[in-house]
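Below is one structure, written out as structure tokens; comments come after it.
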Amino acid sequence: MALDRLLLLLSFWLGLVGATQAALSEPLPPSKDPWYTAPHGFENTEPGTVLRVRPAPGNLTSVTSNCSASYNILYRTTDSHFKPAWAVTTLLVPELGPESLAHQKYQQSALMSIQVAYDSPDVDASPSNTMYTASNFSSIYYEAALGQGLFVSVPDYEGPLAAFSAGVISGYATLDSIRAVLTLGLGLNMTNTPSVTLWGYSGGAFAT
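When the letters of the sequence shown are read in order and numbered with mature numbering (1 follows the signal peptide of the UniProt record, and there is no 0), they come out as residues -22 to -1, 1 to 186.
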């Protein structure tokens, strides 16, 4: 058990090494990106445990309005057979600073989890991948939230196998994504417990 935890911790920190290079690289679809794998021993961790984190690769921040930074977070969750699983969420950070809405309205302490409709059994249709595309109509929702000063988490709630319409993993992956984000902070003011809101539509409403 101790060895498993040590290997898991080492894998997490290795995921942070070279983060700048990851942010500059072109994004790969989840089916071809080795980052989308859980480290050895992940099943021994608690739901919501952060397993990997990186700045979102490519130009996600520049193609997303009102966004100052973006991160991919891979975390432990539970599948529809109530077995250990993992999922990924993308954290979008609003404009920050003393004059920003995030600071003036919320003291940088408000998080919204947005479950978008991806309604697909294809893992490459996961939001963490499709957020880069020009045809991504879901962006209007999280860009609006960012514009109001909210931190936004957009989970791939179908999990690593794109379990479309599987309610248990969708619910767990959504809740555990919030746990993972709150563990890391990444700009969130954790002095007081952040306020958290969930919102979803279509298949995302099912997950919410």
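Heads up, the beta-carbon is just placed ideally off N, CA and C, and yes, glycines get one too.
With 16 as the cutoff for other CB atoms within 10 Å, does glutamine 85 come out buried or exposed? exposed
Are any of the Cβ atoms in chain B nearer than 8 Å to that of proline 105? The structure shown contains no chain B, having only a single protein chain.
Classification of leucine 82 by the beta-carbon crowding that lies within 10 angstroms, buried from 16 upward: Note that residue 82 is glutamine in the sequence shown here, rather than leucine. Its Cβ having fewer than 16 others within 10 Å, glutamine 82 is exposed.
Assess contact between the stretch 133 to 141 and the stretch 94 to 107, defined as three or more Cβ pairs (one per stretch) separated by less than 8 Å. Is contact present? yes
Residues in the same chain with beta-carbon distance under 6 Å from glycine 127, minus the five sequence neighbours each way, listed in chain order, please. Pro72, Leu79, Ala80, Lys83, Tyr84
Through-space distance from arginine 30 to glycine 75, alpha-carbon basis: 27 Å
According to the Cβ coordinates, are threonine 27 and serine 91 closer than 8 Å? no
At 4 residues or longer, and completely inside the stretch 5 to 58: list those alpha helix (DSSP H) runs for me, N to C. 38 to 41
Rounded to whole angstroms, what's the CA-CA distance from proline 12 to leucine 6? Just pull it up for me. 9 Å
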